[in-house]
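Written below as structure tokens is the structure these notes are about.
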Amino acid sequence: MALNLLHRHVLEDHILGFHGGANPNHLSVVRRPVIFSVLAHAGREGQVREALAKAEDIAIRACGPSEWLAVSQTAGAEHVAAQLSAIPGVSLAEQSDGKVLMAIAGPSVRRILAKCVAVDLHPDVFAEGQSANMMCCHVVANLARTGADTFEIIVPRSFAGSVFEELTEMGREHALTASFLDA
Amino acid sequence: MASLITCPHCGTRPKEEFSIRGAAAPRRPSPAARDEVWHRYVYVRDNPKGRYEEYWHHAAGCRRWLVVDRDNLTHEVFGVTDATDHLTAEAGE
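From first to last, the protein sequence lines stand for chains A and B.
The first sequence: position 174 = 165 (the working numbering), numbered continuously.
Take any residue in the second sequence, note its place counting from 1, add 84, and you have its number in the working numbering.
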């Protein structure tokens, strides 16, 4: 495990200096999420999907047929790995140090994201709890709707800076603020 | 170019999320096939005008290979199937 990558967050240089309080439209960066990539073996997709839905403290994000991301902000990597590897017909790989998790929330969240993704995020179309891989700010991202007006974005670590800059730029007219979740 | 592709797994997506590989009709020859057969497969391809099937990779979405049945003259898309389903459907015929 590349622990030294986790000690300093990749967006540390992008969130510098004095920040006031969070505005209604806010982008928060989760410092140390646990993210696993989960694949179901051929023919086991249905069983694995059901078993994943039952996992505790783990949010499941859909990537494609028989592929998911398992995300946890509360449980440790060992706990998540133990839970996931107990499911029969599953292959998994830890991605925590290779992915960056951001949450964007606020009344204007859809108007901001409309400039970043080409997917219909209307509340009636993109239901709460739904997630999908899509292009976000020219980067392959996983976008999930976690609340009425809350979306979580998972991007590869090396692209996180560019996505972060573009998100904040697109949110400027809506007074989007950004900070680490624990700050 | 058809700008909206309805992926069977992800729904309607812009073409920027995909990368195109080429015609889906040619069948890969067996590894032991003669050089002429391989040459035809690799280099000698039709360039049809109108309706034809093409491999598209949903690189920014589900990362699945799809077969897009489209018209390269009118940009109309007639159908999108997963490449695996396309192969099994063809084998069943």
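From the three backbone atoms N, C-alpha and C, an ideal C-beta is built for every residue, glycine too.
Chain A within 8 Å of arginine 124 (chain B), Cβ atoms only
no
Could you please give me the residues that DSSP links to serine 82 (chain A) through a beta bridge?
A:Leu30
Using alpha carbons as the reference points, say which of B:Ala107, B:Ala109, B:Thr90 and B:Ala108 lies closest to glutamate 100 (chain B).
B:Thr90
Any C-beta of chain B within less than 7 Å: which residues of the stretch 10 to 26 of chain A qualify?
Of all residues in the stretch 10 to 26 of chain A, none places a beta-carbon less than 7 Å from a beta-carbon of chain B.
May I have a chain-ordered list of the alpha helix (DSSP H) segments no shorter than 4 residues that lie completely inside the stretch 114 to 167 of chain A?
151 to 162
Hey, how far is the Cα of histidine 170 (chain B) from the Cα of arginine 52 (chain A)?
27 Å
For valine 154 (chain A), return the contacting residues in chain B, with the cut-off set at a CB-CB distance below 7 Å.
Those within 7 Å of valine 154 (chain A) in chain B number zero; the least Cβ separation is about 13 Å.
Under the rule that 16 or more other beta-carbon atoms within 10 Å means buried, what is asparagine 133 (chain A), buried or exposed?
buried
Let's test the definition: count the other Cβ atoms within 10 Å of the Cβ of serine 82 (chain A) and tell me whether it reaches 16, buried, or not, exposed.
exposed
What residues in its chain sit with their C-beta under 7 Å from that of alanine 31 (chain A), if we drop five residues either side in the sequence?
Counting only Cβ-Cβ distances below 7 Å, and skipping sequence neighbours, we find Val39, Ser57, Gly80 and Val81.
Cβ of histidine 93 (chain B) within 8 Å of any chain A Cβ
Yes, its Cβ sits closer than 8 Å to a Cβ of chain A.
Are the beta-carbon atoms belonging to valine 110 (chain A) and aspartate 140 (chain A) less than 8 Å from one another?
no
In chain order, what residues of the same chain have a beta carbon less than 8 Å from the beta carbon of glycine 106 (chain B), not counting five sequence neighbours either side?
Contacts found: Arg129, Glu138 and Tyr139.
Can you give, in chain order, each stretch of the alpha helix (DSSP H) that sits fully within the stretch 15 to 75 of chain A and has at least 4 residues?
36 to 45
Continuous alpha helix (DSSP H) stretch holding histidine 123 (chain B): start and end
119 to 127
Could you pull out every residue in the same chain whose Cβ sits closer than 7 Å to the Cβ of glutamate 160 (chain B), ignoring the five residues on either side in sequence?
Arg154, listed in sequence order.
So, cysteine 128 (chain A) versus valine 91 (chain A), is the Cβ gap smaller than 8 Å?
No, they are not a contact pair.
Look up alanine 175 (chain B) in the DSSP assignment and say whether it is helix, strand or coil.
helix
How would you write the range of the alpha helix (DSSP H) that arginine 102 (chain A) sits in, first residue to last?
100 to 104
Could you tell me whether the Cβ of glycine 145 (chain B) comes closer than 8 Å to any Cβ of chain A?
yes
Under 9 Å from the C-beta of arginine 97 (chain B): neighbouring residues of chain A:
Ala109, Val110, Met125 and Met126
If you count every other CB in all the chains shown that lies within 10 Å of the CB of glycine 8 (chain A), and 16 or more means buried, which is it?
Under this definition glycine 8 (chain A) is an exposed residue.
Could you check where the beta strand (DSSP E) with alanine 103 (chain B) kicks off and where it finishes?
Looking at the sequence itself, residue 103 (chain B) is serine, so the reference to alanine does not match. Counting along the chain, the beta strand (DSSP E) containing serine 103 (chain B) begins and ends at 103 to 107.
Given a threshold of 16 other Cβ atoms within 10 Å of its Cβ, counted over all protein chains shown, does serine 63 (chain A) qualify as buried or as exposed?
buried
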